[in-house]
Every structure is written in structure tokens, then in C-alpha cells.
Amino acid sequence: MTSQVSSTAEQADGAHVGEQRSFGDGGTDKEIRRLDRVIIRFAGDSGDGMQLTGDRFTSETASFGNDLSTLPNFPAEIRAPAGTLPGVSSFQLHFADHDILTPGDAPDVLVAMNPAALKANLADVPHGAEIIVNTDEFTKRPMAKVGYATSPLEDGSLEAYRVHPVPLTTLTIEALKDFGLSRKEAERSKNMFALGLLSWMYHRPTEGTEKFLAAKFAKKPDIAKANVAAFRAGWNFGETTEDFAVSYEVAPATTAFPTGTYRNISGNLALSYGLVAAGRQADLPVYLGSYPITPASDILHELSKHKNFGVRTFQAEDEIAGIGAALGAAFGGSLAVTTTSGPGVALKSETIGLAVSLELPLLIVDIQRGGPSTGLPTKTEQADLLQAMYGRNGEAPVPIVAPKTPADCFDAALDAARIALTYRTPVFLLSDGYLANGSEPWRIPEVEELPDLRVQFATGPNHTLADGTEVFWPYKRDERTLARPWAVPGTPGLEHRIGGIEKQDGTGNISYDPANHDFMVRTRQAKVAGIEVPDLEVDDPADADTLVLGWGSTYGPITAAVRRVRGAGQRIAQAHLRHLNPFPKNLGEVLARYDKVIVPEMNLGQLATLLRAEFLVDARSYNQVSGMPFKAQQLAEVFKEAIND
Amino acid sequence: MTETIAGPAAGPQALALVPKAEAKQSMKDFKSDQEVRWCPGCGDYAVLAAVQGFMPDLGLAKENIVFVSGIGCSSRFPYYMNTYGMHSIHGRAPSIATGLASSRRDLSVWVVTGDGDALSIGGNHLIHALRRNVNLKILLFNNRIYGLTKGQYSPTSEVGKITKSTPMGSLDAPFNPVSLALGAEASFVARTVDSDRKHLTSVLRAAADHPGTALVEIYQNCNIFNDGAFEVLKDKDKAQEAVIRLEHGQPIRFGVPGEDGLGSQGVVRDPATGDLKVVDVAEAGTDAILVHDAHSPSPTTAFALSRLADPDTLHHTPIGVLRDVERPVYDTLMADQLDAAVEQQGKGDLGALLTGNDTWTVVG
Numbered sequence: 058m059t060s061q062v063s064s065t066a067e068q069a070d071g072a073h074v075g076e077q078r079s080f081g082d083g084g085t086d087k088e089i090r091r092l093d094r095v096i097i098r099f100a101g102d103s104g105d106g107m108q109l110t111g112d113r114f115t116s117e118t119a120s121f122g123n124d125l126s127t128l129p130n131f132p133a134e135i136r137a138p139a140g141t142l143p144g145v146s147s148f149q150l151h152f153a154d155h156d157i158l159t160p161g162d163a164p165d166v167l168v169a170m171n172p173a174a175l176k177a178n179l180a181d182v183p184h185g186a187e188i189i190v191n192t193d194e195f196t197k198r199p200m201a202k203v204g205y206a207t208s209p210l211e212d213g214s215l216e217a218y219r220v221h222p223v224p225l226t227t228l229t230i231e232a233l234k235d236f237g238l239s240r241k242e243a244e245r246s247k248n249m250f251a252l253g254l255l256s257w258m259y260h261r262p263t264e265g266t267e268k269f270l271a272a273k274f275a276k277k278p279d280i281a282k283a284n285v286a287a288f289r290a291g292w293n294f295g296e297t298t299e300d301f302a303v304s305y306e307v308a309p310a311t312t313a314f315p316t317g318t319y320r321n322i323s324g325n326l327a328l329s330y331g332l333v334a335a336g337r338q339a340d341l342p343v344y345l346g347s348y349p350i351t352p353a354s355d356i357l358h359e360l361s362k363h364k365n366f367g368v369r370t371f372q373a374e375d376e377i378a379g380i381g382a383a384l385g386a387a388f389g390g391s392l393a394v395t396t397t398s399g400p401g402v403a404l405k406s407e408t409i410g411l412a413v414s415l416e417l418p419l420l421i422v423d424i425q426r427g428g429p430s431t432g433l434p435t436k437t438e439q440a441d442l443l444q445a446m447y448g449r450n451g452e453a454p455v456p457i458v459a460p461k462t463p464a465d466c467f468d469a470a471l472d473a474a475r476i477a478l479t480y481r482t483p484v485f486l487l488s489d490g491y492l493a494n495g496s497e498p499w500r501i502p503e504v505e506e507l508p509d510l511r512v513q514f515a516t517g518p519n520h521t522l523a524d525g526t527e528v529f530w531p532y533k534r535d536e537r538t539l540a541r542p543w544a545v546p547g548t549p550g551l552e553h554r555i556g557g558i559e560k561q562d563g564t565g566n567i568s569y570d571p572a573n574h575d576f577m578v579r580t581r582q583a584k585v586a587g588i589e590v591p592d593l594e595v596d597d598p599a600d601a602d603t604l605v606l607g608w609g610s611t612y613g614p615i616t617a618a619v620r621r622v623r624g625a626g627q628r629i630a631q632a633h634l635r636h637l638n639p640f641p642k643n644l645g646e647v648l649a650r651y652d653k654v655i656v657p658e659m660n661l662g663q664l665a666t667l668l669r670a671e672f673l674v675d676a677r678s679y680n681q682v683s684g685m686p687f688k689a690q691q692l693a694e695v696f697k698e699a700i701n702d
Numbered sequence: 026m027t028e029t030i031a032g033p034a035a036g037p038q039a040l041a042l043v044p045k046a047e048a049k050q051s052m053k054d055f056k057s058d059q060e061v062r063w064c065p066g067c068g069d070y071a072v073l074a075a076v077q078g079f080m081p082d083l084g085l086a087k088e089n090i091v092f093v094s095g096i097g098c099s100s101r102f103p104y105y106m107n108t109y110g111m112h113s114i115h116g117r118a119p120s121i122a123t124g125l126a127s128s129r130r131d132l133s134v135w136v137v138t139g140d141g142d143a144l145s146i147g148g149n150h151l152i153h154a155l156r157r158n159v160n161l162k163i164l165l166f167n168n169r170i171y172g173l174t175k176g177q178y179s180p181t182s183e184v185g186k187i188t189k190s191t192p193m194g195s196l197d198a199p200f201n202p203v204s205l206a207l208g209a210e211a212s213f214v215a216r217t218v219d220s221d222r223k224h225l226t227s228v229l230r231a232a233a234d235h236p237g238t239a240l241v242e243i244y245q246n247c248n249i250f251n252d253g254a255f256e257v258l259k260d261k262d263k264a265q266e267a268v269i270r271l272e273h274g275q276p277i278r279f280g281v282p283g284e285d286g287l288g289s290q291g292v293v294r295d296p297a298t299g300d301l302k303v304v305d306v307a308e309a310g311t312d313a314i315l316v317h318d319a320h321s322p323s324p325t326t327a328f329a330l331s332r333l334a335d336p337d338t339l340h341h342t343p344i345g346v347l348r349d350v351e352r353p354v355y356d357t358l359m360a361d362q363l364d365a366a367v368e369q370q371g372k373g374d375l376g377a378l379l380t381g382n383d384t385w386t387v388v389g
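Chains as they are written, first to last, in my numbering: chain R, 58 to 702; chain F, 26 to 389.
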């Protein structure tokens with residue numbers, strides 16, 4: 058959660074706060090401990106259903122009312138060779154009784170479904186943490202596959218952890234023996250057994266998962282029942298076995314949230330809803346032209362479900378056709394969108410340039426991933442900023458909007474639509490893989506609260522010639538916004554031709570006149586530079602010397618780190634940019650106020666480069682391009698170092 | 026078109042949703058105020074005149090007509106039409122027009138492109154527009170050369186062509202645009218020649234009436250960089266032997282008229298291979314001559330016809346409508362899905378969508 062910062066939360070994401078109590082409520086006399094927050098990581102083979110398990114635990118946790126943040130992490134291969142390190146898929150979930158900002162640095166509990174999952178994740182698990190392992194998989198061959206000469210469960214290498222050896226596969230098969238399933242079919246439900254066990258450990262509500270399973274396997278009721286049975290067996294195993302002596306409670310985060318109705322939402326879903334909402338608020342049909350690409354495809358999938366909102370989705374033959382179709386629809390008066398990731402942006406560049414020249418509204422959604430080239434398709438990065446900013450021929454300015462959390466993708470989409478429609482320009486919406494797949498609670502807005510995005514199409518002549526003739530000039534601009542009129546085909550009397558060749562100011566006719574070109578280049582730049590964006594807000598309670606400035610998805614870890622630094626008694630100011638082009642009007646003044654400016658980015662310093670160029674400020678970059686988000690502890694140390702420097 | 030073979034009644038429904046002009050239109054109504062800047066003698070002038078001349082026959086509100094082009098000499102076309110228009114980027118016009126046509130069924134959308142624009146840089150978009158059957162009319166100006174970049178060989182240039190970029194002759198085997206379109210599942214494919222105004226107009230008219238994507242290849246002379254490329258099809262004496270005029274429902278005959286006044290040569294199916302070949306009608310007998318069926322569900326014969334032309338000499342080049350069949354139109358299907366979604370789920374309720382099924386409430 059992002060909006061509320063309570064005093065207890067200042068120390069959140071730092072040390073755990075816990076309290077112990079036990080009570081014998083008849084059924085069990087097992088100890089129950091109260092925790093303020095927990096980080097769980099489910100890890101297994103790509104085929105083990107870890108993402109589904111994580112999603113379900115997240116839903117249970119959301120409906121229980123905890124604050125939460127998630128980090129799915131999976132390979133690009135759909136089914137990497139079974140049991141290998143590259144094939145490991147994991148899902149980390151951080152949930153708490155208070156406001157939290159990140160999926161957590163290190164898991165308190167690791168669920169390892171096989172030796173590969175243990176090996177791939179052990180380095181992230183702090184000593185003392187709990188590890189639940191599926192002992193059935195710790196046989197010679199699976200262990201040899203990942204280079205375990207001896208079993209880590211027996212050779213003492215896990216002595217520093219609290220290990221729970223559970224024969225998950227055997228127990229699942231045993232629980233399902235009356236269902237008439239083959240061994241292989243029964244084995245598939247072992248993730249639900251694990252989910253049941255963890256649900257018991259953390260007192261999660263179970264109705265949601267049972268309902269979900271019934272719906273998911275509605276056409277195969279036997280499989281539905283088997284999964285529910287495995288899920289319940291996992292729960293009962295926790296309840297009865299002595300190995301699990303303690304269970305944990307994490308109370309709902311009631312005080313962390315403003316009043317309202319909440320749901321859990323991922324970045325790509327929030328972004329999709331933002332686009333549907335923008336169409337409704339603009340009273341324009343949404344047209345998405347897209348080509349499938351990780352991690353953006355989910356937006357295409359989601360929008361294709363909402364045809365009853367008048368949303369058209371067009372899966373094109375390539376990235377170029379995706380944006381081409383969107384631009385064509387924009388010419389026709391749709392709220393046009395194209396969705397992609399970095400490699401797709403590269404292909405779309407020429408059409409983005411055309412959109413700049415045509416001055417038509419168009420949303421370009423870039424869910425950034427690791428680059429260059431194919432890079433790391435399923436991992437996160439922020440290295441498309443300069444591509445969005447400058448990656449076109451000629452002077453082709455494009456506004457850039459970046460969401461900061463998964464739920465914020467909704468508002469950012471509406472904001473990007475506002476800019477596109479008001480200023481008749483393509484707009485970049487720069488999300489990333491971390492936001493796209495991560496999730497958090499979202500206060501569902503009232504539809505009445507949403508901004509009014511309606512625009513006026515041109516309806517008649519807008520210019521009078523010297524001889525008194527009334528004419529329509531497609532490039533005669535609004536004095537305030539510098540936007541040109543949006544005259545859609547079908548409007549009588551406004552027939553006009555536009556194109557990528559330089560146009561004469563006003564008439565829009567082809568013009569190679571040097572002075573006119575200079576004027577048009579400067580005018581397009583001035584239009585983007587003049588876009589109204591809110592001033593940058595600075596959070597600086599203690600008059601600090603050091604400012605940390607971020608953008609996009611680093612908001613969570615930066616804010617968590619800032620809280621730690623302040624919790625340790627040091628002063629630091631924080632600001633976060635949503636608008637990268639144009640920058641907020643007060644940005645230069647804000648930067649000038651601080652002795653030191655730190656800019657953490659998941660690239661090699663792209664925002665820092667822009668800041669240095671524009672404001673001559675000695676911005677210090679802190680960079681990580683590992684495909685993974687920053688950790689709060691890591692940033693806290695960097696900030697402390699900078700403060701003390 | 027003569028309707029002697031039963032076929033789908035194409036026609037008005039292609040333009041059914043496009044508003045009609047209120048008053049009678051003339052060619053002048055479709056001329057923009059922009060000066061036409063093609064080279065003097067360019068074949069593009071003839072095509073422009075033919076298009077401006079036949080548009081009034083359609084009787085459509087001109088504000089509902091849009092011309093979209095790519096890059097190349099022919100792609101300047103939209104500037105000269107007093108309709109809505111977009112001069113876009115190289116090769117991408119079919120994709121832009123697809124977005125426009127599939128979101129606005131009340132528009133008559135035309136794409137103007139060339140052999141480089143459509144078949145080289147934009148080949149991908151062309152074939153996919155054709156297979157989708159978007160409601161677009163694509164005019165492919167084929168001059169077998171790159172004109173705007175001053176004379177390099179194009180994907181339709183003959184092998185061995187000496188150009189600025191191929192001083193020792195080009196190595197590329199050319200595309201036959203009609204064969205390509207047929208292979209890409211096109212529902213309407215025609216070929217015509219810039220200098221034959223009457224034929225050009227009749228083919229454009231048939232394309233306009235076709236529901237779905239219509240591809241019209243127009244042989245167009247570039248008098249600067251590839252002058253006379255189609256001379257064999259235009260020269261009165263030579264054309265008789267070179268051009269095969271196709272008319273739906275008519276026997277495919279051409280050449281010097283025989284005793285019955287029709288062409289002395291004809292096209293027959295070779296019973297051994299199933300392929301088509303040219304024969305003397307007198308020898309083969311009139312009954313053996315193939316009757317052209319543009320509405321045949323199978324594109325096989327149309328494809329075989331397209332292969333009769335010799336890519337080097339252009340001998341036996343069929344012109345006219347090779348294929349004109351009805352199949353579902355993309356824009357209609359897309360709109361139908363939207364309607365079906367509303368029918369099944371009700372009109373979208375944003376509040377309900379945002380809320381979803383799994384919520385909790387925090388009370389202050």
C-alpha cells in the first residue's frame with residue numbers, strides 16, 4: 058500500500074515485531090504466535106504450479122485484509138527441463154498487519170518442491186528461517202541433476218535453518234487414493250497440499266480457494282474434488298503432525314488502509330482496467346492494436362474480454378501493424394492503444410514518429426523487461442527510458458508517464474489518456490515486469506471519482522481566409538494547449554489530408570520551407586514541454602541534506618529503505634517522478650535544494666543522465682540491472698552511505 | 026460484369042453502412058486544391074483521373090471516404106483527393122487502414138501503394154490484410170521499379186534488370202502480385218493497366234462493390250526510370266497477342282480474331298497436369314476453351330491463370346477480375362463480437378468490473 062504512512066509503518070519492512078501466545082481452544086493445543094508480517098516464497102519446478110499456488114495464497118491473504126505485495130519470478134521457457142535450476146519458478150509474497158511497500162527482501166519461509174528449488178533459492182533465505190521441503194523429490198537423480206552429491210537434508214548443510222521435511226508427493230497421492238486417479242494425475246495436486254499446509258500455518262481463510270478450484274475445474278468435477286481434497290489434506294496435516302508445532306497469525310491491516318472497498322490487483326490488470334475506464338470517461342471506443350510479447354500480453358488478454366464495453370482488440374501480424382492499426386483507429390476517433398515491451402517499442406519507433414507528426418492521441422504501453430535485444434523476457438528493468446525519450450528519428454518529443462506500484466497502473470493509465478487526448482499526442486506509459494506481475498491491495502475507486510476525459514471533435518471551419526472564406530485548417534492550434542483539432546472522417550466539410558511529410562503551420566499542406574520546418578519542430582517540442590503535470594511532492598519531514606529521487610517501480614523499495622534510514626535516526630528526503638517528460642515544473646528547484654541527490658534505477662543511470670543534462674545537477678546514480686527489483690535493505694545501506702559521505 | 030455463371034451477389038452491401046452523398050457529385054468534387062506533382066507523363070495521372078472520375082458513380086458522402094497510402098511516388102495520391110486522407114510511412118498503409126476500417130464501418134477506406142511499398146517493405150501487412158479480409162480497397166501501382174528513390178530494381182522487376190543498384194543485373198526472382206494475393210487468401214484480385222481508362226474504371230467499380238479486401242494491381246508506367254515496361258500490353262499490334270482479357274462467364278480467348286470474331290487463341294486445361302495452357306482455338310475447338318469463373322470458391326484456376334504471364338516478356342498477361350468471392354469480412358465479424366458480448370453479458374458496467382468478485386471492506 059502506498060497512500061498511508063502511519064508511525065508504526067515507519068519501522069515496517071525493518072525488524073519483525075512479534076508476540077507469543079498459546080491457547081487451547083479444544084481442538085488443538087498448538088501454540089499460536091502473532092507476527093506483524095511474513096514473507097513466504099513458494100519455489101518449485103515450472104510445471105509444479107507455483108504461480109497458481111502463490112496467486113491463491115495471495116487471494117486468501119487479500120480477502121483476510123492484510124496489506125501485501127508479491128513478486129512472481131519465473132523463467133522465460135514455458136517448461137524448462139524438469140528438475141533443473143533454470144526451470145525453477147517461484148512466487149514471493151509479503152503480507153502484514155500494517156502498510157508495506159515491497160515483496161520483502163528475504164523469505165521467512167521457503168517452500169521448496171524439489172532439490173532445484175532449494176538450491177536456486179537457499180542463498181536468499183536467512184539463517185533461522187523455516188524451510189518446508191518435499192522430501193519425495195530428494196532422491197539420487199533429482200539431486201544429482203543440480204549437483205547435490207549428498208542430500209542437503211541429511212548432510213547437515215541446512216543446520217542453520219528450521220527444516221520441515223514433508224513427503225508432499227506421497228501424502229498427496231495417499232490423500233487422493235480413493236479418487237481413481239492415476240499416480241501422475243494425483244501427484245499434480247501436490248501444490249494444493251502445500252497451499253493447504255501453508256494456509257493452516259498462517260490461518261488463511263479457505264473458502265475462496267475451494268470455490269476457485271470448483272470453478273477452475275467446473276468441467277472436470279473429479280479433478281476439482283481431488284484438488285480440494287489435497288488442499289484440505291495439507292491443512293489437516295499441519296493441524297495434526299507434530300513437526301508443525303506452531304502456527305502464526307498476522308492480523309488484518311485495518312489501520313493501514315483508508316476506509317473503502319478493496320481488492321487485490323496486479324499491475325497489468327490495473328492498467329487494463331485503467332484503459333477501459335479511460336474509454337468510458339472519454340466517451341470513446343477503446344481500440345487496442347497489439348502483438349503478443351512478454352510481459353505485456355496479459356493486457357491484450359484482459360482487454361479482449363471486455364468487448365461489451367465497446368473495446369476492440371486487434372492481434373496484429375507484428376508490432377508495427379499493432380501500432381499502425383491503433384494509429385488508424387485514432388485517426389477515426391477511437392481511444393487508441395498499443396501494448397508491448399522494449400523490443401516491440403524498437404519496431405514501433407517509426408510509427409510513433411508518424412504519430413508525433415500527425416499529432417493524434419495514442420497510448421504506447423511499454424511493460425519494460427531486461428534488455429538489450431531479447432534480453433530477459435520475464436524479468437524486470439527500467440532501461441527503456443531513453444528509448445521512450447529519444448528513440449526516434451528527428452526531433453520527436455513524446456510525453457512519458459510511469460506508474461509506481463501495481464495498483465497505481467490504473468491511475469497512470471487514466472493520466473496518460475488525459476495527456477494524449479488533451480494534447481493530441483502519442484504518450485508513453487512505462488510500466489515494467491515487476492509492476493505487471495506483482496500485486497497489492499487496491500482501494501476500488503467510485504466511478505464518479507474518475508476524471509472527465511471527454512474531448513471535442515472538430516465540427517466546422519476554424520479559420521477565415523483574407524477573402525472571408527471559412528475554411529478548416531487541420532494544423533491550427535489551440536492557443537493554450539497547442540493541440541491541433543481532431544477532425545474525424547465522416548465530418549462533412551473537414552476533409553483534409555495529413556501525413557509524415559513536414560506540414561505547413563495551419564493549413565497542414567506539404568511544406569519544405571526551412572523557416573516553417575524550424576517553427577514546426579519547435580512548436581511540437583513546446584506543446585509537449587507545456588503539458589500540465591502536477592508539481593513534484595517532496596517527503597522531507599526533517600529538513601534533510603540528501604534527496605533520493607526515483608521513478609516507476611522502484612517506489613516500493615526506495616520508500617521502504619527511506620523508512621529504515623529514518624527509523625535509524627537519519628534524515629533523508631524522498632521524491633518520486635510520475636512524469637518523465639515533461640518533468641514537473643518545480644523539479645529543478647527541488648533538486649537545487651539538496652546537497653546530494655541519489656537516483657536509484659534498474660538501468661545504468663538513464664534518469665540521472667536526463668537530470669544532469671537538464672539541470673546540471675550532480676545526481677549520483679545507484680544502479681542494478683539484475684532483472685530483479687531492489688531490496689529495501691540494500692538501498693537503505695546506499696542511502697546511509699550517501700548521507701554520511 | 027456478365028453474370029452467366031451463378032455466383033455470390035456482391036455489391037451494395039460492401040458500402041451499405043457508408044452514408045450516401047446528398048447531392049449529385051462530379052469529378053471536380055474529388056479534386057483537392059493541391060498541385061499534382063508527379064513527373065510529366067507519369068502513369069499516376071491516368072489512375073488519379075480514373076479514380077476521381079468514377080468516385081461520383083459510387084454516390085458516397087465524400088467525408089466518409091478515406092485514402093491511406095504508404096511511401097513512394099504513388100503514395101502522394103491522397104493529397105490530390107478531396108476526401109479524408111493519410112500519407113503514412115513506408116509499407117504500413119494496410120495496417121493503418123485496417124485499424125481505421127475495423128473501427129469505422131461507415132467509411133469507405135482505400136489504400137494506395139506501389140510495388141516497393143506493398144511487396145517489399147510492407148509485404149507482411151499486405152498478406153495479412155488479404156487473409157483477414159478487412160473492408161479495404163488496395164490499389165497497387167506496379168511500375169516494376171523504385172521511382173522515388175530514383176531507379177533501383179523492385180520486387181516485381183524482371184531478373185537481370187540493370188538499375189542503379191544492380192549494374193550487372195538484378196539477381197532477384199520477382200513476385201507476381203496477383204499470384205501472391207491469391208496465395209494470401211484474397212477474396213478479390215484484379216489486374217488492370219493505367220492507360221486503359223475504361224477497363225481501369227470497370228475494375229475499380231467492381232473492387233468498390235466487393236465486401237472485404239480487394240486488391241487491384243495497376244500496371245503503371247514510370248516514364249523516367251522504367252519507361253515502356255508495359256508497352257507490349259499497350260501497343261495495339263502486340264497487345265492482341267500479349268493481353269488476355271478476362272470476363273466472368275466468358276470463354277478465355279484472345280489474339281487475332283478468328284472466324285467467329287473472337288480471339289483465335291484460347292486457354293484450356295491440360296487434362297494430364299490440370300494446369301492451364303494457351304492453344305489455337307481452331308485446333309482445340311471452342312468447347313474446350315475454359316470459361317472464366319471469377320466466383321469459383323477455389324482459387325486454383327485463378328492462380329493458374331495468373332501464372333500464364335511470362336515475367337520477362339509479359340506475354341499472356343491476364344487482366345480483369347481474376348477472383349471475386351464472398352467470405353466473412355473482418356470488420357463485420359469484429360462488430361458482431363462486440364454486439365454478441367453485449368447480448369451475453371449486458372452493456373459493460375465499469376463499477377462492477379473494477380469491483381470484481383473478491384473484495385473486502387475497511388471501515389474507519
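A virtual CB, placed ideally from N, CA and C, is assigned to each residue, including glycine.
In this structure, DSSP gives Met-106 of chain F an extended state, which the three-state scheme calls strand.
Between Asn-566 of chain R and chain F, the shortest Cβ-Cβ separation is below 9 Å. The beta-carbon of Met-80 of chain F is placed no less than 9 Å from the nearest beta-carbon of chain R. Annotation: Cβ neighbours of Asp-383 of chain F in chain R (cutoff 8 Å, chain order): Ser-116, Ala-119, Ser-120, Gly-265, Arg-320, Asn-321. The three-state secondary structure of Ile-146 of chain F, taken from DSSP, is helix. The beta carbon of Ala-118 of chain F is closer than 6 Å to those of Val-93, Ser-94, Gly-95, Val-136, Thr-138 in its chain, skipping five residues each way along the sequence.
Here Ile-457 of chain R is buried: its Cβ has 16 or more other Cβ atoms, across all protein chains shown, within 10 Å. Residues of the same chain with a CB within less than 7 Å of the CB of Val-203 of chain F, apart from the 5 flanking positions on each side, are Val-214, Arg-216, Glu-242, Ser-331, Leu-347 in chain order. In the three-state reduction of the DSSP assignment, Ser-126 of chain R falls in the strand class.
The segment 492 to 508 of chain R makes contact with the segment 120 to 135 of chain R, as at least three CB pairs between them are under 8 Å. By the 16-neighbour rule on beta-carbons within 10 angstroms, Val-184 of chain F is exposed. Cβ proximity to chain F below 7 Å picks out His-363, Lys-364, Asn-365, Phe-366, Gly-367 from the segment 357 to 368 of chain R. Residue-level contact by beta carbon fails for Glu-210 of chain F and chain R, as no gap is shorter than 9 Å. Going by DSSP, Asp-349 of chain F is part of the beta strand (DSSP E) stretching over 342 to 349.
With 16 or more other Cβ atoms from the protein chains shown falling within 10 Å of its own Cβ, Gly-609 of chain R counts as buried. Counting only residues of its own chain and dropping the five nearest sequence neighbours on each side, Tyr-104 of chain F has a CB closer than 8 Å to the CB of Ser-57, Gln-59, Gly-110, His-112.
Judged by DSSP secondary structure, Ile-269 of chain F falls within the beta strand (DSSP E) whose first and last residues are 268 to 270.
For Asp-355 of chain R, the closest Cβ of chain F is not nearer than 9 Å. Here DSSP, grouped into helix, strand and coil, assigns Lys-653 of chain R to strand. In chain order, Gln-663 place their CB closer than 6 Å to the CB of Leu-443 of chain R, counting only its own chain and leaving out the 5 sequence neighbours on each side. Contact annotation for Gln-362 of chain F against chain R: Lys-364 [CB-CB distance below 7 Å, chain order]. Counting other Cβ atoms within 10 Å of its Cβ, Val-654 of chain R reaches 16 or more and is therefore classed as buried. In the structure shown, Glu-244 of chain R adopts helical secondary structure according to DSSP, grouped into three states.
The three-state reading of DSSP puts Pro-614 of chain R in helix, counting H, G and I together. Membership of Val-303 of chain R in the beta strand (DSSP E) is indicated by the continuous run 303 to 307. Contacts with chain F at 9 Å (Cβ-Cβ) include His-553 of chain R. Per DSSP, Ser-133 of chain F lies in no alpha helix (DSSP H) segment; the continuous beta strand (DSSP E) that holds it begins and ends at 133 to 139.
Put simply, the CB of Lys-87 of chain F is near chain R, with a gap under 9 Å to one of its CB atoms. Per DSSP, the unbroken beta strand (DSSP E) holding Phe-485 of chain R starts and ends at 483 to 489.
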